[in-house]
Amino acid sequence: MSKTLSKKQQREKYKNTAELILKIVGMTALVGSVMVFPGLAYVVKWVEDSLKDNSPKTRRSFKRLQQRGMITLKKEGKKIRLVLTAKGRRQLAEYQLKNLKIKKPGQWDGKWRFVMFDIPELTRYLRNNIRRKLYELGFVPIQKSVFIYPYACKEVVDFMREYYKLGEGQLYIFEGKVLEGETALLKHFKL
24 MSKTLSKKQQ
34 REKYKNTAEL
44 ILKIVGMTAL
54 VGSVMVFPGL
64 AYVVKWVEDS
74 LKDNSPKTRR
84 SFKRLQQRGM
94 ITLKKEGKKI
104 RLVLTAKGRR
114 QLAEYQLKNL
124 KIKKPGQWDG
134 KWRFVMFDIP
144 ELTRYLRNNI
154 RRKLYELGFV
164 PIQKSVFIYP
174 YACKEVVDFM
184 REYYKLGEGQ
194 LYIFEGKVLE
204 GETALLKHFK
214 L
């Protein structure tokens with residue numbers, strides 16, 4: 024049994040290291056930096072330094088990401104460029120969705136955020152995924168496709184809209200100050 028647990032722990036460590044590598048490469052690409060290195064050894068060293076972990080585990084994670092087609096190295100003369108592939112960007116987006124959180128300010132601004140979605144019956148799985156994520160983030164349902172939350176969450180809704188590739192008018196966010204039944208919500212959110 025300890026062998027299975029050990030393998031499970033190893034897989035979890037690999038997932039965490041792989042997620043960190045994808046985040047580092049993805050964030051660097053978002054900032055607009057071009058990662059160009061004089062050789063492969065520099066790429067691996069850069070990843071290890073970024074993770075503050077000079078272990079074979081990092082090298083293995085890096086190589087697995089390459090083998091799985093998440094990152095690629097492109098030669099440019101004598102230099103090598105590290106690139107996040109479409110598959111890697113998708114995996115990074117999944118990690119970001121999984122770790123999505125809403126920052127709570129020190130003081131509530133008195134506004135309620137209503138998130139509503141209008142997604143056709145044909146894509147019920149999409150509706151269910153959005154509903155599940157809103158529950159997970161702490162939203163309270165008002166109806167099956169209308170949720171409420173007390174803190175600013177536009178960035179989260181925008182991310183979900185982009186992640187799920189929703190078109191115009193499929194996911195909305197509104198703000199309001201007055202609400203019937205507000206007392207129960209204030210109690211629920213401990214405001």
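Numbering (the working numbering), first residue to last: 24 to 214.
C-beta: ideal position from N, C-alpha, C; glycine also.
Remember, it's a predicted structure, so these values are computed and weren't measured experimentally.
#1: Just to confirm my understanding: we take residue 162, look at its own chain, exclude 5 residues before and 5 after, and list those with CB closer than 6 Å. What are they?
#2: Tell whether a beta-carbon distance below 8 Å holds between residue 139 and residue 156.
#3: For residue 200, I'd like the list of residues in its chain whose CB is within less than 8 Å of its CB, leaving aside the five on either flank, ordered along the chain.
#4: Short of 6 Å in beta carbon distance, which residues of its chain neighbour residue 194, apart from the five on each side in sequence? Order them along the chain.
#5: Whole angstroms are fine: how far does the CA of residue 168 sit from the CA of residue 149?
#6: Threshold first: 4 residues or longer. Then list the alpha helix (DSSP H) segments lying entirely within the stretch 157-199, N to C.
#7: My understanding is that residue 179 touches residue 96, with C-beta atoms under 8 Å, so please give their C-beta distance in whole angstroms.
#8: Comparing C-alpha positions only, which one of 147, 166, 175 and 146 sits nearest to residue 160?
#9: How many Å lie between residue 189 and residue 118 at the Cα?
#10: Considering residue 99, what are the terminal residues of the beta strand (DSSP E) in which it resides?
#11: Please classify residue 166 as buried or exposed, where buried requires at least 16 neighbouring CB atoms within 10 angstroms.
#12: Restricting to Cα atoms, I'd like to know which of 186, 181 and 207 is closest to residue 197.
#13: CA-CA distance, residue 151 and residue 191?
#14: Once you ignore the five residues that flank residue 211 on each side, which residues in its own chain have a CB closer than 8 Å to its CB?
#15: What residue range does the beta strand (DSSP E) around residue 91 cover?
#16: Residue 107 by DSSP, collapsed to three states: which one?
Taking the geometry as given:
#1: 170 and 172
#2: no
#3: Answer for residue 200: 133, 134 and 135, listed in chain order.
#4: 140 and 184
#5: 12 Å
#6: Segments of the alpha helix (DSSP H) lying fully in the stretch 157-199: 177-186.
#7: Residue 179 to residue 96, Cβ: 33 Å. No contact.
#8: 175
#9: Straight through space, the alpha carbons of residue 118 and residue 189 are spaced by roughly 19 Å.
#10: 94-99
#11: exposed
#12: 181
#13: 19 Å
#14: 163
#15: Here residue 91 belongs to no beta strand (DSSP E), and DSSP marks it neither H nor E.
#16: strand
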